[in-house]
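> Note that the protein sequences, when read in sequence, are chains A and B. Counting in the numbering used here, the first sequence runs from 96 upward without gaps. Counting in the numbering used here, the second sequence runs from 22 upward without gaps. Where a beta carbon is used, it is the ideal one built from N, C-alpha and C, also for glycine. Since this is a predicted model, take the numbers as computed values, not measurements. Could you have a look at this structure, given as structure tokens, before my questions?
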Amino acid sequence: MDIDLITNILYAMIRTGTPLLIVALGELVCEKSGVLNLGQEGMMLMGAVVGFIVTLLSGSLLLGFILAMVAGVLMSLIFGLITMELSANQVATGLALTIFGTGLSAFVGSEFVGKPIEGLDPVFIPVLTDLPIIGRMLFGQDLVVYLSFILFGAVYWFINYSRPGLILKAVGENPHAANAIGLPVFKTRYLAIIFGGAMAGLAGGYLSLAYTPLWAENMTAGRGWIALALVVFASWKAERVLLGAWLFGLASILHLVFQGLGFSVSPNLLAMLPYLATVVVLVILSSNQTRSRLVAPMSLGNPFHARG
Amino acid sequence: MKRRQFNKLVTGLAAGVCISALSTFSAQAADPFKVGFVYVGPVGDHGWSYQHDQGRKSVEAEFGDKVQTTYVENVAEGADAQRVIYNLAKTGHDLIFTTSFGFMNPTLKVAKQFPDVVFEHATGYKTAKNMGTYISTTFEGRYVAGYVASQVTKSNKIGYIASFPIPEVIRDINAVQLALNEYNPEAELKIIWVNSWFDPGKEADAANAMMDQGVDVILQHTDSPAAMQAAERRGAYAVGQASDMSSFGPNAHLLSVVDEWGPHYINTVKAVMDGTWKPKANVEGMKEGAIVIPGFNKSIPAEVVTHAEVLIAGIKDGSVYPFAGPIKNKAGEVVVAEGERMSYEELEKMNWYVEGISSDIPK
């Protein structure tokens with residue numbers, strides 16, 4: 096392996112990990128509030144199709160990304176209304192949201208299959224892009240990747256160091272206690288769900304506008320589910336979500352690179368690598384049982400009844 | 022009937038099939054000849070099912086009011102398929118096309134229940150009194166694509182994005198390698214298996230990984246145009262699969278190997294209407310218009326295009342056959358002797374690489 100190849104692998108690792116990172120950060124915040132939304136895949140697909148259609152018709156990538164996020168938010172509000180107002184089961188509602196989003200995006204996008212758009216171009220940061228090895232990986236990406244770095248920082252700070260983050264965690268740990276001391280449980284959970292929707296929409300838009308600028312049915316191909324698993328294996332820690340997403344990206348890329356280099360390892364084994372590597376690393380990190388029990392939001396998946 | 026539709030909806034949802042699975046399309050006409058189509062994927066995949074639907078549309082264009090077509094998309098292979106096919110037969114369809122390998126046994130079962138309805142199943146091997154099969158010989162197009170790739174590559178590295186190691190895919194990889202052996206033995210074929218028919222992100226990743234390793238022409242046996250786009254961005258060439266992908270890479274697009282099901286569908290509808298239809302295994306390729314190369318990239322040297330057209334003409338008249346002997350396997354043993362040709366039945370079972378491919382078939 097020469098330097099160029101390593102540079103390219105690292106570059107592709109971040110690119111591949113970015114949609115996962117964005118969705119997983121959204122889901123992390125959502126789960127921190129005690130809400131388990133399994134509708135990531137459906138929200139992503141709606142974000143992808145809406146972003147693509149808007150960009151195709153308007154010619155504006157910015158508008159596409161914004162409306163992709165709006166589409167994700169609207170989808171998440173459907174989930175919010177059903178689980179919060181009607182106290183429906185979160186798991187069932189989330190699954191239904193995925194099925195609904197898959198079907199609706201296919202329906203909405205049927206006229207837009209096979210149409211090309213100009214995708215998002217990378218923005219090179221002068222001087223830094225030319226750094227050896229890490230230059231392209233960190234400073235030769237597109238704007239959404241840079242945004243994902245900022246989002247990670249923001250979510251990390253929000254959860255660990257901010258007062259609203261503390262409220263979020265309190266609501267996720269014990270909504271009744273939070274309610275008793277006057278914290279706005281419903282509002283907090285709604286905002287967390289909306290943030291999750293916006294992130295899923297953004298990630299979907301990233302797929303259809305930047306990663307592979309096209310629309311095709313079911314183009315997320317399970318990335319929403321991987322992000323969901325990442326949050327769990329990252330034991331609800333933002334920094335581990337980042338690590339997991341990039342690790343998954345790295346392993347997915349290596350699976351392809353090794354085949355191209357002619358390694359005589361079964362591609363089926365290599366295809367398992369992303370899942371295996373991610374799970375193994377994150378399980379080792381969260382192996383301290385008492386600690387990981389403490390980090391999982393206590394009331395995750397439980398509806399909250401009392402009106403606050 | 023209402024209730025049955027409701028049940029169908031519920032089971033459909035439970036099976037995780039998206040809602041559009043149950044959308045059907047019907048054109049209005051007075052007492053027309055009814056033709057049904059069953060698709061495994063969405064018509065919006067811009068690949069396999071999309072091309073079958075283009076074929077359905079050409080039937081409508083050809084016969085107008087005389088024919089009414091219906092399609093059911095996103096039908097899971099297995100028991101669900103049998104019910105869908107049964108419903109089509111029950112609702113007065115005279116001819117039903119089932120377009121995925123896994124529909125073979127369900128089609129056969131329904132065919133026995135409805136002896137007056139004609140069934141045709143794509144890519145399978147079972148026939149009955151009222152059931153025929155049809156398949157197209159994509160390897161003919163791949164051989165031509167392999168020739169063009171061998172001539173335009175500068176790095177002598179050609180990439181192949183492969184889906185699953187089944188005979189059809191292995192056969193087509195071999196067709197490309199045979200073209201390389203013939204026209205540019207220096208060229209190396211790098212094969213990357215992505216374990217999916219359709220995952221745009223992964224296909225683009227595979228294309229990029231290849232280009233990082235110096236590949237400058239990419240072929241694919243997966244369905245999305247993502248690799249074409251990736252090649253366009255980085256100034257490489259790519260070959261389109263199943264449908265014309267030129268719009269995704271105006272500069273990168275060397276050519277597309279397009280499945281045209283229309284001619285077969287039109288001929289079959291005509292034969293059934295005239296009462297001349299007979300159950301048989303239809304194997305159709307460039308000669309029958311089932312495999313088409315709609316156009317070549319302008320940047321391909323004229324003599325290369327000319328020779329590609331000679332090859333196409335040769336394939337059509339039978340003088341060129343990619344799997345004509347002598348063919349050696351990877352180990353260098355002669356498998357097909359000089360003067361012999363592999364039959365279609367042999368090609369259907371092909372599970373070995375020809376000489377020149379350095380990697381192994383995944384197990």
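When you compare the CB positions of Ala295/A and Gly214/A, do they come within less than 9 angstroms of one another, or not?
no
> Is the separation between the beta-carbon of Met231/B and that of Leu351/A shorter than 9 angstroms?
Judged by beta-carbon spacing, Leu351/A lies within the 9 angstroms limit of Met231/B, meaning their Cβ atoms are closer than that value.
> What's the C-alpha gap between Phe46/B and Phe58/B?
Unreliable positioning characterises Phe46/B in this predicted model, as indicated by a pLDDT of 46, which lies under 50. The coordinate reading is nonetheless provided below. Roughly 10 angstroms separates the two Cα atoms.
> Does DSSP put Trp310/A in a helix, a strand or coil?
In the structure shown, the three-state DSSP call for Trp310/A is coil.
> I'd like the ranges of any beta strand (DSSP E) spanning at least 3 consecutive residues and lying wholly in the segment 238-321 of chain B.
238-241, 258-263, 274-280, 302-305
> Please return the same chain residues whose Cβ sits closer than 7 angstroms to the Cβ of Ile321/A, not counting the five positions on each side in sequence.
Leu115, Phe343
> Checking contacts by CB at 9 angstroms: is Arg318/A closer than that to chain B?
yes
> Using a Cβ-Cβ distance cut-off of 9 angstroms, determine whether Lys223/B contacts chain A.
yes
> Considering Ile212/B, what are the terminal residues of the beta strand (DSSP E) in which it resides?
209-214
> Flag this pair as touching only if the segment 268-287 of chain B and the segment 123-138 of chain B have three or more C-beta atom pairs under 8 angstroms; answer yes or no.
no
> Considering just the uninterrupted stretch of the beta strand (DSSP E) at Met152/B, what are its terminal residues?
Start and end: 152-157.
> Looking only at its own chain, which residues have a Cβ that is under 6 angstroms from the Cβ of Gly377/B, when we skip the five neighbours before and after it?
Gln198, Asn202
> Please report the residue range of the alpha helix (DSSP H) in which Lys55/B lies.
Here Lys55/B belongs to no alpha helix (DSSP H); instead the beta strand (DSSP E) covers 54-59.
> For Leu100/A, which residues in the same chain have their Cβ closer than 7 angstroms to its Cβ, ignoring the five residues on either side in sequence?
none
> Decide if Pro315/B is buried, meaning its Cβ has at least 16 other Cβ atoms within 10 Å, or exposed.
exposed
> For my contact list, Gly299/A and Ala143/A are in at a C-beta cut-off of 8 angstroms; report their separation, rounded to the angstrom.
4 angstroms
> Going straight from the alpha carbon of Leu43/B to that of Tyr92/B, what length do you get?
Confidence at Leu43/B is low in this model, with a pLDDT of 41, below 50, so the placement of that residue is unreliable and no value is reported for it.
> Kindly identify the DSSP beta-bridge partner or partners of Ala345/B.
Arg362/B
> On the CB-based measure, 16 or more other CB atoms within 10 Å of its CB, does Phe195/A come out buried or exposed?
buried
> Grouping DSSP H, G and I as helix and E and B as strand, with all else coil, what is Ser44/B?
Only weak support is given to the placement of Ser44/B: the predicted model assigns it a pLDDT of 42, under 50, and the value that follows is read from those uncertain coordinates. Residue state, collapsed to three classes: coil.
> So Ala329/A packs on Tyr251/A, CB below 8 angstroms; how close in whole Å?
So it is not a contact: roughly 12 angstroms between Cβ atoms.
> Please identify, using Cβ separations under 8 angstroms, the residues of the segment 340-351 of chain A that lie next to chain B, in order along the chain.
Ser347, Ile348, Leu351
> Quick one: what's Ala323/B bridged to in DSSP?
Its beta-bridge partners do not exist; DSSP assigns none.
> Rounding to the nearest angstrom, what Cα-Cα distance links Gln103/B and Phe118/B in this structure?
Straight across, the Cα-Cα distance linking Gln103/B with Phe118/B is about 13 angstroms.
> Could you give the DSSP three-state label for Glu13/B: helix, strand or coil?
Since the displayed chain B opens at 22 and closes at 384, residue 13/B lies outside it and no answer follows.
> Starting from the beta carbon of Ser205/A, find every residue of chain B whose beta carbon is closer than 9 angstroms, and list them in chain order.
Residues of chain B whose Cβ lies closer than 9 angstroms to the Cβ of Ser205/A are, in chain order, Ser41, Pro63, Val64, Gly65.
> Does DSSP classify Ile117/B as helix, strand or coil?
DSSP places Ile117/B within a strand segment (E or B) once states are collapsed to three.
> Once you ignore the five residues that flank Leu237/A on each side, which residues in its own chain have a CB closer than 8 angstroms to its CB?
Checking the sequence, you will find Asp at residue 237/A rather than Leu. Apart from the 5 residues on each side of it in sequence, Asp237/A sits with its Cβ closer than 8 angstroms to the Cβ of Leu215, Asp216, Pro217, Val218, Ala305 in its chain, given in chain order.
> Report the rounded CA-to-CA distance for Tyr241/A versus Ile117/A, giving the unit in angstroms.
Between Tyr241/A and Ile117/A, the alpha-carbon positions lie close to 11 angstroms from each other.
> Could you tell me the boundaries of the alpha helix (DSSP H) in which Lys175/B lies?
Taken as a continuous stretch (DSSP letters only), Lys175/B belongs to no alpha helix (DSSP H), as it is neither H nor E.
> Leaving out five residues before and five after Ser182/A in sequence, what residues of the same chain have Cβ atoms less than 7 angstroms from its Cβ?
Pro398, His400
> Note the first and the last residue of the continuous alpha helix (DSSP H) segment covering Val280/A.
280-301
> Please list the terminal residues of the continuous alpha helix (DSSP H) segment that includes Thr128/B.
125-134
> Would you kindly check if the distance between the Cβ of Gly339/B and the Cβ of Gly360/B is under 9 angstroms?
no
> Closer than 7 angstroms by C-beta to Val360/A: which residues in its own chain qualify, once you throw out the five before and the five after it? Chain order, please.
Phe353
> Pull up the DSSP beta-bridge partners for Ile182/B, would you.
Ile213/B, Gln241/B
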